[in-house]
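Taking it in order: structure first as C-alpha cells, then the write-up.
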Amino acid sequence: MKTIYIFLIPVFFVLNGFGQTPPSVTPTSAFINYGSNVTLTATGCAGTVNWSTGQTGASISVSPKQSARFTATCTSGMQTSGASNSVLVQVGLTTSPCNSNVTVSSNLSNIGYRYESSNYISGTGDIEANASVQFKAQNYVQLNPGFETKSGSVFKAFTGKCTELQTREVLTGRQIPWEILWGPDDFIWMTERDGKISRVNPQTSAVQTLITISDVFSNGEGGLLGMVLHPDFANNPYVYVSYNYSIDNTVSGMRVKVVRFTYNSGIATLGSPLILVQNILGNSTHDGSRLVITPELKLFVTTGDAQDLSAPQNDTNLNGKILRMNLDGSVPADNPIAGSLVWSKGHRNPQGLVYANGKLYCSSHGAGIEDEINLIQQSGNYGWPNVEGFCNTPSEITFCNANSVIEPIFSSGTGGTWAFCGLDYYNNDAYPRWKGHLLLVSLKNQTLYSLKVSADGNTVEGPANLYLVNQFGRLRDIAIAPNGKVYLCTSNGGNADKIIEITPIVE
Ligand SMILES: [Ca+2]
Ligand SMILES: [Ca+2]
Numbered sequence: 001m002k003t004i005y006i007f008l009i010p011v012f013f014v015l016n017g018f019g020q021t022p023p024s025v026t027p028t029s030a031f032i033n034y035g036s037n038v039t040l041t042a043t044g045c046a047g048t049v050n051w052s053t054g055q056t057g058a059s060i061s062v063s064p065k066q067s068a069r070f071t072a073t074c075t076s077g078m079q080t081s082g083a084s085n086s087v088l089v090q091v092g093l094t095t096s097p098c099n100s101n102v103t104v105s106s107n108l109s110n111i112g113y114r115y116e117s118s119n120y121i122s123g124t125g126d127i128e129a130n131a132s133v134q135f136k137a138q139n140y141v142q143l144n145p146g147f148e149t150k151s152g153s154v155f156k157a158f159t160g161k162c163t164e165l166q167t168r169e170v171l172t173g174r175q176i177p178w179e180i181l182w183g184p185d186d187f188i189w190m191t192e193r194d195g196k197i198s199r200v201n202p203q204t205s206a207v208q209t210l211i212t213i214s215d216v217f218s219n220g221e222g223g224l225l226g227m228v229l230h231p232d233f234a235n236n237p238y239v240y241v242s243y244n245y246s247i248d249n250t251v252s253g254m255r256v257k258v259v260r261f262t263y264n265s266g267i268a269t270l271g272s273p274l275i276l277v278q279n280i281l282g283n284s285t286h287d288g289s290r291l292v293i294t295p296e297l298k299l300f301v302t303t304g305d306a307q308d309l310s311a312p313q314n315d316t317n318l319n320g321k322i323l324r325m326n327l328d329g330s331v332p333a334d335n336p337i338a339g340s341l342v343w344s345k346g347h348r349n350p351q352g353l354v355y356a357n358g359k360l361y362c363s364s365h366g367a368g369i370e371d372e373i374n375l376i377q378q379s380g381n382y383g384w385p386n387v388e389g390f391c392n393t394p395s396e397i398t399f400c401n402a403n404s405v406i407e408p409i410f411s412s413g414t415g416g417t418w419a420f421c422g423l424d425y426y427n428n429d430a431y432p433r434w435k436g437h438l439l440l441v442s443l444k445n446q447t448l449y450s451l452k453v454s455a456d457g458n459t460v461e462g463p464a465n466l467y468l469v470n471q472f473g474r475l476r477d478i479a480i481a482p483n484g485k486v487y488l489c490t491s492n493g494g495n496a497d498k499i500i501e502i503t504p505i506v507e
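Numbering (full-length UniProt numbering), first residue to last: 1 to 507.
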C-alpha cells in the first residue's frame, strides 16, 4: 500500500496541483497578408503568459513581416514548451517594389520572396536556413563580404528587368459584375448580379447588353451569378447561367435555377431559355453558382448550403453540393447516385471552380475560419458543416474517419477568412512566374493570389503570392485571355465596379 501511495502523489500534483498543462494557442495556424495582423490567444495558464515576441498577456496581436513561429510560455507551474503552445503564422509575400537600388543588409528568412531593382542589388545579410529568396537586378547583383547563404536555404541571383504587373481599367461604372470570362469572339462576357449579361470589348470598353433576365431576384449576395459558354460555341451558341429567382417575391421564397440561353449574334441577344434544373433552395447568402463545362461535355455547378446546415450531408438534397449534368440538364448515366445530379457533397458556399490538369479545383468560403481550395472527386465528402478545413479537432477527426472526408489542398487557416471567390488556372507562357499556378481572388482581403500547383496537380506547393493588395478593393472573379493577359472584376458596389486588365511585363 505504501509503495502505491508514494507513486500516486506526483500524479496528483501534475493533474491537479500547481501543475499546468502547456498553454494552448489559438489559432492553431494562420495565414495573413503582408502588413495585416492576427490575434493570438493562449489559454490554460494560471500565471502570466510570456510570448516569444517579448509581449505578455493571454492575447496579443502580431503583424509579422515574414512567416514566423510564435511561442507562449507560462510563468507558473510545471508547463513545458512543446508543439501545442506555438503557432506558425505564415505571411503571404509579394515582390518588392522596383526601386532603382536595393540594399539588403538584414538577414532574410522569407519564403518565396523576390527583391527587384532597376539598377543594382547589394546584399550583405544572410539568407537563413529554409528561406528561399531571389535577387533580380537589371544591371548587377553585388554580394558583399559577410553575405552568406545558410545550409538549407535557396538563393538565386540574376539580372533582368523588374517584373511588373501593368494594370489598366477596361471598364468602370458597373454594378457587381459576378462572372467574367473570355469568349471565343475575343470579348469579355460578363454577368452582373442584377440580371444583365453583356459582351465587353476589351479594346474599346464598349458594352453590349444581350439580355436582362426578367425573373432574376437580386437580394444580398444572391442574383444572377455564374456563367459558362458551350466549348463549341460556333456550332452550339449556348450560354449557361445560374441565378436566384423567388417563388413569391420574398427572400424566403428564393431559389436557384440553371438556365441555358441561346445567343443570336445577328441581333445581339440571348433568348430561348431552357431550364436545366430549378427549385434548388436559395437565400440572400450562400448560393454557390459557379459553373464549368469539362472536355467530356459535362456541366458542373456549385450550390451553397443556403443557410440550411442539414443539407450538405444529405444526399437527397441539392444544396451544399457540386452537381454534374449533361448539357441538356439530364442526369449522366455515370453519376455516382443513379438519377441524381449530386457529384460531391459537404460544401458550404463554393464560389470558385476551374477545370485544369484533368482535375476540378474549387474554392469555398469558410464561416469564420478556413476558406478552402478543394480538389473535387466523384462522391467526395468535403465535410461541411461537421468539418472546417483540415480534420484536426477531436470531433472532426471522428467525423472524418467515419465519412472519408477529403481535406482541402489549401486553406486560409484557423486565423480567419480571406473570402475566396473566383478561381482560375494560368497555363500561359506570357508570364512564366504564374505558369502552372492557380489564380484566386478574394473579396475581404482584396487580393489576387497565385498558388503553385504540384506537377501531379494534386497539391498546392509553398505559400500564396500576393498581388494588387487593397489596390482595387474587393475582387470577385478572374478571366484569362489566350494572350496571357488576366482580367479581374471588382465587387465594391455603388455603380463603380471595374474590370481591370493585368499585363505582365516580362523581359
Ligand atoms: Ca471567370
Ligand atoms: Ca478543422
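All C-beta atoms, glycine included, are put in the ideal place defined by N, C-alpha and C.
Within the present structure, is the beta-carbon of Asp287 separated from the nearest heavy atom of ligand 4 by less than 7 Å?
Ligand 4 is not among the ligands present in this structure, which contains only ligand 1 and ligand 2.
Would you report the Cα separation of Trp178 and Thr28, rounded to the nearest angstrom?
Looking at the two C-alpha atoms, the distance is approximately 33 Å.
Indicate the three-state DSSP secondary structure (helix, strand or coil) for Ser252 in the structure shown.
Three-state DSSP puts Ser252 in a helix.
Residue range of the alpha helix (DSSP H) that Glu396 falls in?
Segment 394-403, the alpha helix (DSSP H) holding Glu396.
Looking only at its chain, what residues have a beta carbon closer than 6 Å to the beta carbon of Thr503, apart from the 5 residues adjacent to it on each side?
Around Thr503: Gln166, Lys485.
Report the three-state DSSP secondary structure of Arg324 (helix, strand or coil).
In this structure, Arg324 counts as strand in the three-state DSSP scheme.
Indicate whether the contact test is met: 3 or more Cβ pairs, each with one atom in the segment 262-280 and one in the segment 321-329, closer than 8 Å.
A contact exists between the segment 262-280 and the segment 321-329.
Less than 7 Å separating the Cβ of Asp497 from some heavy atom of ligand 1?
It does not: the Cβ of Asp497 is nowhere closer than 7 Å to a heavy atom of ligand 1.
Any idea what DSSP makes of Pro432, helix, strand or coil?
It is helical.
Can you list, in chain order, the residues of its chain whose CB lies under 7 Å from that of Phe70, leaving out five sequence neighbours each side?
Cβ neighbours of Phe70 beyond the five flanking positions: Leu40, Trp51, Ser52, Thr53, Val62, Ser86, Val87, Val89.
Would Pro432 be called buried (16 or more neighbouring beta carbons within 10 Å of its own) or exposed?
Exposed, since its Cβ has fewer than 16 Cβ neighbours within 10 Å.
Mind checking whether Asp424 and Val354 have CB atoms under 8 Å apart?
Their beta carbons are under 8 Å apart, which means Asp424 touches Val354 by this criterion.
Restricting to runs no shorter than 3 residues, where is the beta strand (DSSP E) found entirely within the segment 274-354?
For the segment 274-354, whole beta strand (DSSP E) runs of length 3 or above, ordered along the chain, are 291-293, 298-302, 321-326, 342-345.
For Asn495 and Val256, what's the separation of their Cα atoms in angstroms?
Roughly 25 Å between the two C-alpha positions.
Can you name the residues that DSSP bridges to Leu225?
Bridge partners of Leu225: none, in fact.
So Phe31 packs on Gly383, CB below 8 Å; how close in whole Å?
About 19 Å separates the two Cβ atoms, so there is no contact after all.
Report the partner residues of Leu443 according to the DSSP bridge assignment.
Its beta-bridge partners do not exist; DSSP assigns none.
I'd like the span of the beta strand (DSSP E) that includes Glu370, first residue to last.
Element bounds for Glu370: n/a, residue is neither H nor E.
Mind checking Leu224: buried by the 16 CB within 10 Å criterion, or exposed?
By the neighbour-count rule (16 or more Cβ atoms within 10 Å), Leu224 is buried.
Please determine, among Ala481, Ala455, Thr490, Val460, the residue with the shortest C-alpha to C-alpha distance to Gln471.
The residue with the shortest Cα to Cα distance from Gln471 is Thr490.
Sorry if obvious, but does the Cβ on Gly195 come closer than 7 Å to a heavy atom of ligand 2?
Incorrect: Gly195 has no Cβ contact closer than 7 Å to ligand 2.
Is Val25 near ligand 2, judged by its Cβ being under 7 Å from some heavy atom?
Flag unset: Cβ of Val25 not near ligand 2.
Does Ala464 pass the burial test, meaning 16 or more other C-beta atoms within 10 Å, or should it be called exposed?
Burial call: buried.
Run through DSSP, which three-state label would Asn244 get?
Note: Asn244 maps to strand in three-state DSSP.
Taking 7 Å as the cut-off, does the CB of Gly183 come closer than this to any heavy atom belonging to ligand 1?
No, since every heavy atom of ligand 1 falls outside the 7 Å radius drawn around the Cβ of Gly183.
From Thr294 to Thr172, what does the alpha carbon distance come to, in whole angstroms?
If I take the Cα positions, the gap works out to 32 Å.
Leaving out five residues before and five after Asn381 in sequence, what residues of the same chain have Cβ atoms less than 8 Å from its Cβ?
Once the five neighbours on either side are set aside, the close Cβ partners of Asn381 are Gln313, Ser344, Lys345, Gly346, Asn403, Ser404, Val405, Ile406.
How would you label Ala42, buried or exposed, when you count the other beta carbons within 10 angstroms and need 16 or more for buried?
Buried.
How big is the Cα-Cα spacing for Asn236 and Glu296?
Each residue's alpha carbon lies about 15 Å from the other.
Find out if the Cβ-Cβ distance for the pair Ser118, Ser100 is shorter than 8 Å.
Yes, the Cβ-Cβ distance between Ser118 and Ser100 is below 8 Å.
Given 8 Å as the limit, is there contact between the segment 247-254 and the segment 211-223, that is, 3 or more CB pairs closer than that?
Touching, yes.
Would you mind stating whether Leu488 and Val441 have Cβ atoms separated by less than 8 Å?
Going by C-beta atoms, Leu488 is nearer than 8 Å to Val441.
The beta strand (DSSP E) with Tyr425 in it runs from where to where?
Looking at the DSSP string, the run of the beta strand (DSSP E) that includes Tyr425 is 420-426.
In three-state DSSP terms, what is Thr3?
At Thr3, the pLDDT of 40 sits below 50, so the modelled position is not reliable; the number obtained from the coordinates is stated separately. Correct three-state label for Thr3: helix.
Quick one: grab the DSSP three-state call for Asn495.
DSSP places Asn495 in coil when its eight states are reduced to three.
DSSP three-state call for Asn85: helix, strand or coil?
Helix.
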